[in-house]
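A.B. asks: Residue numbers (the numbering used here), protein chains in the order written: chain A, 1 to 316; chain B, 1001 to 1316. Yeah, the Cβ is synthetic: ideal placement off N, Cα and C, and Gly gets one too. Quick one: the structure is below, questions incoming.
Protein chains: 2
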Amino acid sequence: MDARVTTELTFDVDAWSAKHLNRIERALERWVTAEVCADVAYGAPMTLIEAMRYAVLDGGKRLRPLLVLAAWEAVRGEAPSADDHEAPLRAACALELIHAYSLVHDDMPCMDNDVLRRGKPTVHVKFGQASALLAGDALQALAFELLTPTQGIPADQQARLCGLLARAAGHSGMVGGQAIDLASVGVPLTEHQLRDMHRLKTGALLQASVCMGAACGNPSAVAQTALQTYGAALGLAFQVVDDILDVTADSATLGKTAGKDASQDKPTYVSILGLARSTAYAQELLAQALAALAQSGLSHTQALQGLAKKVVNRSC
Amino acid sequence: MDARVTTELTFDVDAWSAKHLNRIERALERWVTAEVCADVAYGAPMTLIEAMRYAVLDGGKRLRPLLVLAAWEAVRGEAPSADDHEAPLRAACALELIHAYSLVHDDMPCMDNDVLRRGKPTVHVKFGQASALLAGDALQALAFELLTPTQGIPADQQARLCGLLARAAGHSGMVGGQAIDLASVGVPLTEHQLRDMHRLKTGALLQASVCMGAACGNPSAVAQTALQTYGAALGLAFQVVDDILDVTADSATLGKTAGKDASQDKPTYVSILGLARSTAYAQELLAQALAALAQSGLSHTQALQGLAKKVVNRSC
């Protein structure tokens, strides 16, 4: 048995996640506080700051940041120096800010009108709609601010990360998917159309997490393509499982309103494929993701493997 | 009389603006169409695209884009090559997208609840609140997408432009100012507090326009500081005049609802200083802006001078 197989057998993704989550939480706490507090002197009002912090801190599984760090570990290989975490950590937090802002706006009365998120009242319930709108807008801008520090990351890396994030977040990515979602309420979709919607709405940002992590290193073209494939399969698998959990889990477990899709007459994988075929499809996507990693030529993909398995086999 | 003075005397800012407006409109039309149309294949729904285009095209004075191009002309100096417009034109359009998105969100019922903008129904009136929310979100992302093309602008310039835009647009800039504005309805502000609010809400993006235009060239430290001062004075002057016009012009002239600030009990320069002192203050700020240009060491500041005069002496 060679060393690589041994490592894979003994790799503990929960321990890995716990270690990195700690780092991510501290970074988010720092960047959505220190910078913001400094701005209080310039008059940025506390309500905005509090709403931004409420939307980001103390909640969330941080899947996107973990994917960034896992992808970066995969392309980085051996012997990292102590302080080369700056770019991946900023990329990780930038993605979480985009994700957090999208949830804030998505929960608003004119969108999903949801009152519960991560087990807490949603931002507009707590701070009012106007503050929720502005907090979301400010979080999107802050994501790009995090990616463009005056020092610590080479300029070409900053530009690449900004480009990847902007494309994944906008009309040809996440927001485009949300708009399709909005237009599809009560409209019968084919499986193909549903996949297209989710590839944008959830998939784009998850795939970007993997690509941005990789962009913090210098992956080969083969590795880059493999990671893109992994990210696409994982992104879709995440949504299929989300649809399954919406009908099989309860609100307390999910930390958000369960059964929402069905009650809003939204097309889901379960409504189109049924529960059994949806479950099988999620496993098939997991197999695709793992196969892509196996073909990547990268030897440190244990965290990416473990995260994919966790996403597909999760219960909330 | 030397050549420089002659140029200043004969400079026609309206002709200059018309020429550059043409270029700006064509670029916006291209970037909020060509790219977006390409994405239709990926499923981005037409409603989102139409709402984005409606928010951006066929309206607006394009002050921010014009400031970018004027600042770039000032730092570029003589003998531009034919194709070095790429960076300033992208910066110009990115700023306009941020401005346009802020208007879309600002007009929404949970904010100013305005139904008229640039003489047309506001985006949420025309497309519904959810589409307005998403169109605004997508426009912000598209701004950063424009600044990060895969070729045509050096990476360090892309990173610098993204950083300037993110800081001007977010919690320590425009959105921060909007949040203060929101919190100040019915609250008596001092002139100092009012200035702080406007420095963020309107001033940050106007100043960023000047700084981003300058960042497309290589200005000296002296020129950079002078342009920052010019931008700050111009940004504040713009708002003072806006407050004056809110009480002196009618809705048809403004293309938006006149008398809105007073009816919403918002603090303005007119309510704090009175009309006469506000008018004098606007002229004082214009003098500050022009003095900064005179001390910049730059010889091609005619367009910046002309735009400052137009801003202060405008009637709509």
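So what does residue 117(A) bridge to, in DSSP terms?
C.D. replies: DSSP, once it has assigned bridges, lists 120(A) as partnering residue 117(A).
A.B. asks: For the alpha helix (DSSP H) containing residue 1213(B), list its first residue and its last residue.
C.D. replies: Segment 1204-1215, the alpha helix (DSSP H) holding residue 1213(B).
A.B. asks: Can you tell me whether residue 1278(B) is helix, strand or coil according to DSSP?
C.D. replies: The answer is helix: DSSP assigns residue 1278(B) an H, G or I state.
A.B. asks: To be precise: take each residue of the segment 193-212 of chain A, compare its Cβ to all Cβ atoms of chain B, and keep it if any distance is under 9 Å. Which residues remain?
C.D. replies: Listed by position along the chain: 193, 196, 197, 199, 200.
A.B. asks: Which class does residue 301(A) belong to by DSSP, given the choice of helix, strand or coil?
C.D. replies: In the structure shown, residue 301(A) sits in coil (DSSP, three-state: anything other than H, G, I, E or B).
A.B. asks: To the nearest angstrom, report how far apart residue 1152(B) and residue 1234(B) are at their CA atoms.
C.D. replies: Whole-angstrom Cα-Cα distance: 31 Å.
A.B. asks: Checking contacts by CB at 8 Å: is residue 1024(B) closer than that to chain A?
C.D. replies: No, its Cβ sits nowhere closer than 8 Å to a Cβ of chain A.
A.B. asks: Given residue 1105(B), which residues of its chain have a CB within under 6 Å of its CB, disregarding the five upstream and five downstream residues?
C.D. replies: Cβ neighbours of residue 1105(B) beyond the five flanking positions: 1136.
A.B. asks: Using a Cβ-Cβ cut-off of 7 Å (strictly less than) and excluding sequence neighbours within five positions of residue 200(A), which residues of its own chain qualify?
C.D. replies: Result list for residue 200(A): 173, 174, 176, 177, 180, in chain order.
A.B. asks: Just tell me which of 1247(B), 1192(B), 1154(B) has its CA closest to the CA of residue 1084(B).
C.D. replies: Considering only alpha carbons, the answer is 1154(B).
A.B. asks: In three-state terms, what does DSSP make of residue 151(A)?
C.D. replies: It is coil, neither helix nor strand.
A.B. asks: Can you tell which of 134(A), 77(A), 225(A), 97(A) has the C-alpha that lies nearest to the C-alpha of residue 1102(B)?
C.D. replies: Taking only the C-alpha atoms, the option nearest residue 1102(B) is 134(A).
A.B. asks: Given this structure, state the Cα-to-Cα distance separating residue 1116(B) from residue 1249(B), to the nearest angstrom.
C.D. replies: Approximately 15 Å, taken between the alpha carbons.
A.B. asks: What's the gap between the Cα of residue 238(A) and the Cα of residue 312(A)?
C.D. replies: Whole-angstrom Cα-Cα distance: 7 Å.
A.B. asks: Quick check on residue 314(A): does DSSP put it in helix, strand or coil?
C.D. replies: Of the three classes helix, strand and coil, the one that applies to residue 314(A) here is coil, per DSSP.
A.B. asks: Consider the Cβ of residue 334(A): report whether some Cβ of chain B lies at a distance smaller than 8 Å.
C.D. replies: Because residue 334(A) is not part of the residues shown, which for chain A are 1 to 316, the question remains open.
A.B. asks: Excluding the five sequence neighbours on either side, which residues of its own chain have a C-beta within less than 7 Å of the C-beta of residue 1305(B), listed in chain order?
C.D. replies: Closer than 7 Å at Cβ, skipping near neighbours: 1290, 1293.
A.B. asks: One question on the structure: do residue 1184(B) and residue 1109(B) come within less than 8 Å of each other, judged by their Cβ atoms?
C.D. replies: No, these two residues do not count as a Cβ contact at 8 Å.
A.B. asks: Using CA atoms only, rank isn't needed, just tell me which of 1030(B), 1089(B), 1046(B) is closest to residue 1215(B).
C.D. replies: With distances taken between Cα atoms, residue 1215(B) lies closest to 1089(B).
A.B. asks: Would you call residue 26(A) buried or exposed, if buried means 16 or more other Cβ atoms sit within 10 Å of its Cβ?
C.D. replies: Exposed, by the Cβ-count rule.
A.B. asks: Could one say the Cβ of residue 167(A) lies closer than 8 Å to chain B's Cβ atoms, at least one of them?
C.D. replies: Output row for residue 167(A): interface = yes.
A.B. asks: Whose C-beta lies closer than 6 Å to the C-beta of residue 191(A) among residues of the same chain, with five residues either side of it excluded?
C.D. replies: For residue 191(A), where only same-chain residues beyond five positions count, the Cβ hits under 6 Å are 272.
A.B. asks: Is the Cβ of residue 148(A) closer than 8 Å to any Cβ of chain B?
C.D. replies: It does; some Cβ of chain B falls within 8 Å.
A.B. asks: Does residue 1224(B) come within less than 8 Å of chain A when only Cβ atoms are used?
C.D. replies: Chain A, which has no Cβ nearer than 8 Å to the Cβ of residue 1224(B), makes this no.
A.B. asks: Could you confirm whether any beta carbon from chain B is found closer than 8 Å to the beta carbon of residue 352(A)?
C.D. replies: The requested residue 352(A) does not occur in the structure, where chain A is confined to residues 1 to 316.
A.B. asks: Figure out for me which residue from 1232(B), 1211(B), 1053(B) has the closest Cα to the Cα of residue 1069(B).
C.D. replies: When only C-alpha atoms are compared, the closest one is 1211(B).
A.B. asks: Residues of chain B with CB under 8 Å from residue 151(A), in chain order?
C.D. replies: Going along chain B, no residue has its Cβ under 8 Å from residue 151(A), so there is no contact; the nearest lies around 11 Å.
A.B. asks: Using a C-beta cutoff of 8 Å, does residue 283(A) count as contacting chain B?
C.D. replies: Output row for residue 283(A): interface = no.
A.B. asks: Name the chain A residues that come within less than 9 Å of residue 1272(B), Cβ to Cβ?
C.D. replies: None at all; the shortest Cβ gap to chain A is about 16 Å.
A.B. asks: Can you tell me whether residue 1093(B) is buried or exposed? The criterion is at least 16 other CB atoms within 10 Å of its CB, across all chains shown.
C.D. replies: The residue in question, residue 1093(B), is buried, as its Cβ has 16 or more Cβ neighbours within 10 Å.
A.B. asks: Exposed or buried, which one is residue 1142(B) when buried takes at least 16 other CB atoms within 10 Å?
C.D. replies: Buried.
A.B. asks: Hey, does residue 1175(B) have any beta-carbon neighbour from chain A nearer than 8 Å?
C.D. replies: Yes, contact with chain A.
A.B. asks: Alpha carbons only, please: which of 47(A), 316(A), 230(A), 204(A) is nearest the one belonging to residue 1182(B)?
C.D. replies: Residue 47(A) is the option with its Cα nearest to residue 1182(B).
A.B. asks: Judging by CA-CA distance, which residue of 1244(B), 1021(B), 1222(B), 1269(B) is the nearest neighbour of residue 1189(B)?
C.D. replies: Residue 1269(B) is the option with its Cα nearest to residue 1189(B).
A.B. asks: For residue 99(A), return the contacting residues in chain B, with the cut-off set at a CB-CB distance below 9 Å.
C.D. replies: Chain B residues near residue 99(A): none, gap ~13 Å exceeds 9 Å.
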